[in-house]
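What follows is one structure encoded as structure tokens, with my remarks underneath.
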Amino acid sequence: MPQRRVLLLALLSGVFLLGAEISPAQDPGLDKIGKVRTELIFATNQGVADLGAGVKPLSKAEQKRLRASKIGAYSNFVKLGSVEQDVLAGYKSWAAPIANNEAILVTFQPQARINKKLRLDIELWQKKKMVLRWDPFFEVGKKIYLKGPKWRDGNLIITVELVSLKESKK
Amino acid sequence: MNEQRKEELLTRWLDDALTDEEVREFEPVLAEHPEWRAERESYRKLRSELVATIPAEVEPPYPDFFNVHLQRLVENASRRDRDPSRSTLGLGRLWTWWLAPAAAAAVVAAFILGMNSAPMQPPGVVDAQGSEVYSPLSNVSTEVIQHDEALGATLIVVEGLDELSDDDLVVGDGSLGGQHGYYVVTHGEVY
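See the structure below:
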């Protein structure tokens, strides 16, 4: 019996140590350094009522800017999906703006950080195929727009915005 | 001396890899091109600066992106050398050999510098300088509008992507509030 007790203690110690080695709290790659918001917008000249209750029109100000931009002559802009998530220091994150749908996926991974700018490697995936890669610097509150594939009579527009950025540790 | 031999000796001369006998063999060719010595010195200087700057083992995050960019530089250099009016003594092709490592060095240097530089940009604009847009699909073209005046933001226009159908993009109730996660890459596998 005493031997079994020793063996059990040794086993539990090993399990404890193993758990300690892979603890998320000790993985600096899981540090959250900021937040990113990814949105999927549909630009169209037709009605949007049949798209379902889940879509939302954009603000009038943003619609006005989009109409005047080089995206093209569209009259209606609606948001099909949106997701906001943490940016992890050492891992590539993915975002699917529409729930349960992987037709459009965006991945991003932080690369370099200079003062209040964060360089993100962004990949656009369409139907499980990587179609575009880009690596701009982001500042908080500054969005990029990407005029993507056609759908129905219009275009899908993907936006990525750095919502917040933690102060860097020095 | 035939062209192939000249090419071989030139390549190895650039890397200081000629034997004494080969140096004597190559001397007459060098005598006809005294400017090559200065070019080699520039190449040596660039090489040593890169060795001092770049860590011994660094895997570019996106090797295929890196290779496409490098290949574009080499092809552009080769295209310039194919112009008959520029070649001398039929050795125009040889400069492709010299330019390839120099082009590789330039791309690596630009890659490293691009990672560390952040020039000032007007407010409201994502810094696009020093960044690259890349697509593995040959039919896709991109235009980066760093500051679309009307939008007040950076816009990338991508042409050539496959059109999505309603089957691909089922949109309905609850479409807002998408999903997200993160990848852990182990030995090239993503899960």
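The listed protein sequences correspond, in order, to chains A and B. Under the working numbering, think of the first position of the first sequence as 1, with each following residue one higher. Under the working numbering, think of the first position of the second sequence as 1, with each following residue one higher. Every residue, glycine too, gets a C-beta built ideally from N, C-alpha and C. None of the values given here were measured: they were computed from a predicted structure.
Give me the subset of the region 145–171 of chain B whose CB atoms are less than 7 Å from a CB atom of chain A, sorted by chain position. Answer set for the region 145–171 of chain B: I145, D148, A150, L151, G152, A153, T154, L155, I156, V157, V158, L161, D162, E163, L164, D168, L169, V170, V171.
Simplified DSSP state of K142(A), which is helix, strand or coil: In the structure shown, K142(A) sits in coil (DSSP, three-state: anything other than H, G, I, E or B).
Cβ atoms of Y74(A) and N45(A): under 9 Å apart, would you say? Annotated as proximal: N45(A) and Y74(A), with beta-carbon spacing under 9 Å.
In chain order, what residues of the same chain lie with their CB nearer than 7 Å to the CB of E139(A), ignoring the 5 residues before and after it? Answer for E139(A): K116, K117, L162, listed in chain order.
Check whether the Cβ atoms of V154(A) and A49(A) sit closer than 9 Å, and answer yes or no. The amino acid occupying residue 154(A) in the given sequence is Gly; Val does not appear at that position. Contact flag unset, no.
Interface residues of the region 84–107 of chain A facing chain B [CB-CB below 7 Å]: Flagged, chain order: Q85, L88, Y91, K92, S93, W94, A95, A96, P97, I98, A99, N101, A103.
Quick one: measure Cβ to Cβ for V144(B) and E159(B), integer angstroms, because I've assumed they're closer than 8 Å. 13 Å between Cβ atoms; not a contact.
For my contact list, A96(A) and L88(A) are in at a C-beta cut-off of 8 Å; report their separation, rounded to the angstrom. The pair is not a contact, with the Cβ atoms about 17 Å apart (cut-off 8 Å).
Can you list, in chain order, the residues of the region 27–50 of chain B whose Cβ is nearer than 8 Å to any Cβ on chain A? So nothing in the stretch comes that close.
Which chain A residues are close to S135(B), counting only those with a beta carbon under 8 Å from its beta carbon? Residues of chain A passing the Cβ test: V131, L132, R133.
Listed by chain order, chain B residues near A43(A) by CB distance under 8 Å: None at all; the shortest Cβ gap to chain B is about 12 Å.
Could you spell out the range, first to last residue, of the alpha helix (DSSP H) harbouring S42(B)? 35–53 is the extent of the alpha helix (DSSP H) around S42(B).
List, in chain order, every chain B residue whose beta-carbon is nearer than 7 Å to that of L146(A). By Cβ distance, chain B contributes I156, V158.
Which partner residues of A153(B) appear in the DSSP bridge assignment? Beta-bridge pairing links A153(B) to D148(B).
Can you check whether the C-beta of S131(B) is within less than 9 Å of a C-beta belonging to chain A? Interface residue, yes.
Under a three-way DSSP split, which group does G148(A) fall into? Residue state for G148(A) is assigned as strand, using DSSP reduced to three classes.
Assuming A96(A) is part of the alpha helix (DSSP H), what are its boundary residues? Annotation for A96(A): no alpha helix (DSSP H) segment contains it, though the beta strand (DSSP E) segment containing it runs 92–96.
Three CB pairs or more closer than 8 Å across the region 14–33 of chain B and the region 67–85 of chain A: Contact between the region 14–33 of chain B and the region 67–85 of chain A is absent, because fewer than three Cβ pairs lie under 8 Å.
Near D31(A), what residues of its chain come up, given a Cβ to Cβ distance below 8 Å and the 5 sequence neighbours on each side ignored? So the qualifying residues of the chain are L88, A89, G90.
Determine the closest residue to V160(A) out of A61(A), D86(A), G47(A), G72(A), with distance taken between C-alpha atoms. Checking every option, the nearest Cα to that of V160(A) belongs to D86(A).
Can you check whether the CB of I122(A) is closer than 9 Å to the CB of L40(A)? No, they are not a contact pair.
Confirm, please, whether the CB-CB distance from L164(B) to P57(A) is below 9 Å. Against a cut-off of 9 Å, the Cβ pair of L164(B) and P57(A) comes out as no contact.
Just the C-alpha distance for I63(A) and A112(A), rounded to the nearest angstrom, thanks. In the sequence as displayed, the identity of residue 63(A) is Gln instead of Ile. Taking the straight line joining both Cα atoms gives about 33 Å.
Just to confirm before moving on: does the CB-CB distance between K127(A) and I71(A) stay below 9 Å? With respect to I71(A), K127(A) sits apart: the two C-beta atoms are not nearer than 9 Å.
At a CB-CB cut-off below 7 Å, which residues of chain A make contact with V74(B)? In chain A, no part has a C-beta under 7 Å from the C-beta of V74(B); the shortest such distance is about 21 Å.
Residues in the same chain with beta-carbon distance under 8 Å from L18(B), minus the five sequence neighbours each way, listed in chain order, please. Around L18(B): L9, R12, F26.
Nearest-angstrom beta carbon gap, G81(A) and L165(A) [assumed within contact, 8 Å]: No, L165(A) and G81(A) are not in contact; Cβ-Cβ is about 24 Å, not under 8 Å.
Using a Cβ cut-off of 9 Å, pull out every chain A residue sitting near V23(B), in sequence order please. Under the 9 Å cutoff, chain A gives no residues; its nearest Cβ is about 45 Å from V23(B).
Segment limits, beta strand (DSSP E) that includes A99(A): Looking at the DSSP string, A99(A) is not in any beta strand (DSSP E), and its letter there is neither H nor E.
Could you tell me which chain B residues have their CB closer than 9 Å to the CB of S164(A), listed as they occur along the chain? Here the premise fails: no neighbours, minimum Cβ distance about 15 Å.
What did DSSP end up calling Q212(A) once you bin it into helix, strand or coil? Here chain A has residues from 1 to 170 only, and residue 212(A) is not among them.
If you measure between the beta carbons of Y145(A) and L161(B), is that distance less than 9 Å? Going by C-beta atoms, Y145(A) is not nearer than 9 Å to L161(B).
Please confirm if T19(B) has its CB atom under 9 Å from at least one CB of chain A. Contacts with chain A at 9 Å (Cβ-Cβ) do not include T19(B).
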